[in-house]
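Its first residue numbered 10, the sequence shown is counted upward by one per residue in our numbering.
Ideal placement from N, C-alpha and C gives every residue a C-beta, glycine not left out.
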Amino acid sequence: MSAKTKRGSRPVLHATTILALLAGSAYLTVELRKEEQAKAPAVQAVTDTPLVKSGAAQQTGRQTWERLKNPDRSVLRDESGQVLATFTDGSRTAALTGPSRTFTEPANTTSRVVTETGCG
């Protein structure tokens, strides 16, 4: 084989190698995205429709607690299913309905939080 023939086949070999690497990368990227989407939890939202009828919520009497994700939070509903409060994990605030309330946590802070009347 002459030197010219070896040089002529190298670009073809390089192009074939690059195409094989690109195809492999594309395939692995698609498969990885499929796997990630399968692992992702479904998005949940707080709505005015209660889960009381479906039995998915924990019954504790007149009020019902629900545990939701994305973000992780607890929702308190009244017997008709209306949202009374939403407590988001790690948050420093809460959404409440009804009369004004005062919250304290003397074990950890001297702060007092007083809610305003509103939200319903």
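Span of the beta strand (DSSP E), counted from its first residue to its last, around R86: 82 to 86
Where A66 falls: helix, strand or coil (DSSP): Summary for A66: the model assigns pLDDT 49, below 50, so the residue's position carries little reliability; its value from the coordinates is reported in the next sentence. Here A66 sits in coil by DSSP.
Residue burial classification, T102 (beta-carbon count within 10 angstroms, cutoff 16): exposed
Paired residues, beta bridge with G99 - DSSP: Per DSSP, none; premise fails for G99.
Option in V39, L105, R71 with minimal Cα separation from T97: L105
E75, enclosing beta strand (DSSP E) - first and last residue: 73 to 77
Three-state secondary structure assigned by DSSP to T124: coil
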